[in-house]
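With the first letter of the sequence shown counted as 1, position 140 gets the number 139 in numbering that gives the first Met the number 0; the numbers rise by one all the way through.
From the three backbone atoms N, C-alpha and C, an ideal C-beta is built for every residue, glycine too.
A short worksheet on the structure shown next.
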Amino acid sequence: MSRTTLEAFIRSKAGGTPRGDRESELQARKDVWLKRVSRLYADVRKWLADLERDGVLRFDLDKVALEEREIGQYDVEVLTLAIGKQQVAFCPKGTLIVGADGRIDIQGQRGVRTIIFSGGRWHLVTRTPKLRLLPFNEDSFQDVLSEVMR
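In structure tokens form, the structure reads like this:
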């Protein structure tokens, strides 16, 4: 393969998107992702507002650094629910996820459940007996808590 042919081949595989355009696209995707995470946390807080008001649980937000291959490092918030002596944490994993526009792991003392953003909404991922996506809402959140808490 001559140098000219090699260059033409590589340019064709590059997709014709200038680097600046790709960086802008990735920045926009990250910004949308961070807004989705914030909206999800607002929903969770709304679902549990009465319990927070009664002092049954507490919400904590902490910033952590997340690294995604094409986007690089950025800060994202982890929402932690302190319920008695237990904690349940919403840990964002990223927006550049195969088959989805974002993933968050919900971690508790008994395990981890995964939610993904796809098709304009959050879904709970079930892996057994086969992979399925269920709507993530107030009802399924209750199921998640019962599975990840002792």
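query: If you drop the 5 nearest sequence neighbours on each side, which residues of the same chain put their C-beta closer than 7 Å to that of Y73?; result: K29, L65
query: To the nearest angstrom, how far is the alpha carbon of C90 from that of E22?; result: 25 Å
query: Report the residue from G110, R109, G107, N136 whose alpha carbon sits nearest the alpha carbon of F116.; result: N136
query: Between which two residues does the alpha helix (DSSP H) holding V143 run?; result: 137-147
query: Can you list the beta strand (DSSP E) stretches of 3 or more residues lying completely in the segment 41-109, in chain order?; result: 56-67, 71-82, 85-93, 102-107
query: Distance, Cα to Cα, I9 vs R68?; result: 21 Å
query: From what residue to what residue does the beta strand (DSSP E) around T170 run?; result: Outside the shown range of the chain (0 to 149) lies residue 170, about which nothing can therefore be said.
query: According to DSSP, is S23 helix, strand or coil?; result: helix
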